[in-house]
Amino acid sequence: MCSVTDRSHSRDVKTNVFRSAWWLANSHLQTIWPVLSRRKINLPLRRERLELPDGDFLDLDWMGSNSDHIVLVLHGLGGSVNSPYAQGILKVIATFQWQGVFMHFRGCSHEHNRLPRSYHSGETEDLKWVINEIMRRFPNAKLSVIGFSLGGNVLLKWLGEEGKTAAVTCAIAVSVPFELNKVANRMRSGISRFYQWWLLRQLKQDIIEKFKDKPSVIDLGNLKKLRTFWEFDDKVTAPLHGFINVDHYYKTASSRQYLKAIAIPTLIIHAKDDPFMTPDAIPKVEEISKDITLELTESGGHVGFISGSIPGRSKYWLEERIPRFIQEYI
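Everything in the sequence shown is counted per my numbering, starting at 9 for the first residue and increasing by one.
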């Protein structure tokens, strides 16, 4: 393990910090197991609709109160508060008696948003707006932010854009698609094509339902022909969000280029066997700022990180590691 203890002056990179369950040693099993096995958790959530300056809205789910520490959670592509990783970390937040808030990106709370645009991997203005609103309401609170997958990319990009002015105490990003073009390439090969098919099927259905009663700037009749993320992001994501094409989107929205500018204590957790991307997408030590702790694991899949010695008794390591990092700063 390579570790630097003086984090105020040196970058911190750690390896071998997690060991996967022997019965879930495969990266795909690590990725899929939570979706197949985790039971829905009944959380005491309070839904709030935030009206945005551009006439659209966001839905937040709040949990707990009367705490001077707030934890904001961001989901991944196609995710929601019902995603297994979201429910798991919210339960942990409740256990620590922190106040939790789950931010649904536009159109992800089971109700389509009003405007043609929705969300994407590099959209940071909504996150900035929500964080400012939270701190306006709770000016004395300490705010931590957790981002999973796409949400982690959004979080890291925003932290880099804000630098020292980021109004958060600490941040955690898990299984981040650091370079979107490399993710899109990986998803076109091997078993990873299954994830691409599954996610695209959901995304295309959402687009069809959203625009069935309103005009669209994209060709809905062409959706069925889009088989890869490259094609979908070129024909749908890019035109809906003002990018010239897919290359412009991937180059602009990828978070890897922003890591050097992050000035808030940040933990990045990433598995080398993540089936959503290739190892060369992982940033090198010289690319991260002195405020980042990068924990690389040999296994863990994509937002998996499941340990445990007995099949059927899963231990979700992220739900131990993340609050431990937060506690260092509150």
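Cβ coordinates follow ideal geometry from the N, Cα and C atoms, glycine included.
In the three-state reduction of the DSSP assignment, histidine 118 falls in the coil class.
For the options Thr260, Val182, Phe240, the alpha carbon positioned closest to that of leucine 163 is the one of Val182. Shortest Cα-Cα distance from tyrosine 127 to any of Arg332, Pro319, Leu211 involves Leu211. In the three-state reduction of the DSSP assignment, aspartate 282 falls in the coil class, being assigned neither a helical nor a strand state. Assigned with DSSP and collapsed to three states, histidine 36 falls in helix.
Judged by DSSP in its simplified three-state form, alanine 179 adopts strand. One alpha carbon belongs to arginine 27, the other to threonine 274, and they sit about 22 Å apart.
For histidine 256, the enclosing alpha helix (DSSP H) stretches over residues 254 to 261.
Histidine 310 places its beta carbon less than 9 Å from that of alanine 279. Residue range 54 to 59 is occupied by the beta strand (DSSP E) that includes glutamate 56, with no alpha helix (DSSP H) assigned at that position. Per DSSP, the beta-bridge partners of leucine 80 are Val109, Val153. The beta carbons of cysteine 178 and serine 152 sit about 5 Å from each other, so the pair counts as a contact at 8 Å. Each of Leu66, Val138, Phe240 was checked against the Cα of arginine 209, and the nearest Cα belongs to Phe240. A direct Cα-to-Cα measurement between glutamine 105 and asparagine 230 gives close to 49 Å.
The C-beta distance from asparagine 121 to aspartate 64 rounds to 5 Å, short enough to fall under 8 Å. Around the CB of isoleucine 277, 16 or more other CB atoms lie within 10 Å, so the residue is classed as buried. In this chain, glutamate 239 is not harboured by any beta strand (DSSP E); it is covered by the alpha helix (DSSP H) spanning 237 to 240.
A direct Cα-Cα distance of roughly 12 Å separates leucine 304 from alanine 289. A straight line joining the alpha-carbon of leucine 80 with that of methionine 143 spans about 12 Å. Going by C-alpha positions, glycine 87 is about 29 Å away from proline 147.
Straight-line spacing of the CA atoms in tyrosine 266 and glutamate 187 works out to 11 Å. One alpha carbon belongs to glutamine 95, the other to serine 322, and they sit about 15 Å apart. Taking C-beta separations shorter than 7 Å and ignoring five residues to either side along the sequence, the partners of asparagine 161 in its chain run Ser129, Val184, Pro185, Ser263, following chain order.
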